[in-house]
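Residues in the sequence shown are numbered consecutively from 0, following numbering that gives the first Met the number 0.
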Amino acid sequence: MNRNQLRRDEHAAATELGYIFTFLLGVLLLTTFSIWAYQIETATRERWNENAIQSNLDDLAAAVERADEASRMGAVEYAEKVTWRLTEADEARITLQLTDTSIELIHDGGTLDTSVSLSGTGAGSHEGTIVLAGVTSVWVVHSDGVTSLQYDRPQSYE
Numbered sequence: 000m001n002r003n004q005l006r007r008d009e010h011a012a013a014t015e016l017g018y019i020f021t022f023l024l025g026v027l028l029l030t031t032f033s034i035w036a037y038q039i040e041t042a043t044r045e046r047w048n049e050n051a052i053q054s055n056l057d058d059l060a061a062a063v064e065r066a067d068e069a070s071r072m073g074a075v076e077y078a079e080k081v082t083w084r085l086t087e088a089d090e091a092r093i094t095l096q097l098t099d100t101s102i103e104l105i106h107d108g109g110t111l112d113t114s115v116s117l118s119g120t121g122a123g124s125h126e127g128t129i130v131l132a133g134v135t136s137v138w139v140v141h142s143d144g145v146t147s148l149q150y151d152r153p154q155s156y157e
């Protein structure tokens, strides 16, 4: 006689629980790795952005110093084009302001605000405020005793 009886076999259930816990551990490790990789990428992008902005400001400051040097020669006019490196920031929210002793970058969000000091040894004054929306270059111009930042190259009227 063939007797079929149900037995309480818990080995299969233990194996299934092992599979589930192994799967959950894998999901946890992959999630942790993804978050870690995203944080590294974000930090690298932010550092690159800050370095590009600082390089841009340094280039502008050097051009202003050259304009100041030209202004000390007498009644001369000077113009120099400075190429603005692309950044990750929303440049429509960035304003450059030239004062007698610094170039200030003002960001609407406030996170990128910075400035570069100038010697202020020119024969004239410094002025100028420009918004960087769509700008690929900035002109540093010394004319009529004033050094300024401009969007376009100055025109000759001779």
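Using N, Cα and C, we set each Cβ at its ideal position, and we do this for glycine too. Just so we're clear, the structure is a prediction, and the values are computed from it rather than from any experiment.
The alpha helix (DSSP H) with residue i in it runs from where to where?
i   : result
V26 : 10-70
What residue does the beta strand (DSSP E) around residue i start on, and which one ends it?
i    : result
Y150 : Note, Y150: premise wrong, no beta strand (DSSP E); not H, not E.
A174 : The first residue shown for the chain is 0 and the last is 157, placing residue 174 beyond what the model contains.
V130 : 128-130
T94  : 93-97
S142 : 136-142
E103 : 101-106
Could you tell me how far apart the beta carbons of residue i and residue j are, in whole angstroms, since I believe they sit closer than 8 Å?
i    : j    : result
L104 : E64  : Not really, about 17 Å apart at Cβ, beyond 8 Å.
Y150 : V139 : That belief does not hold up - the Cβ atoms of Y150 and V139 are roughly 12 Å apart, past 8 Å.
A88  : Y77  : Not quite, the Cβ-Cβ distance comes to about 29 Å (not below 8 Å), so this is no contact.
Taking its Cβ as the centre, do 16 or more other Cβ atoms sit within 10 Å of residue i, making it buried, or is it exposed?
i    : result
H141 : buried
D67  : buried
I93  : buried
H10  : exposed
Segment contact, 8 Å Cβ cut-off, at least three pairs: the segment 125-136 with the segment 88-108:
Contact between the segment 125-136 and the segment 88-108 is present, because at least three Cβ pairs lie under 8 Å.
Examine the Cβ distances between the segment 49-57 and the segment 106-121 and report whether three or more of them are shorter than 8 Å.
A contact exists between the segment 49-57 and the segment 106-121.
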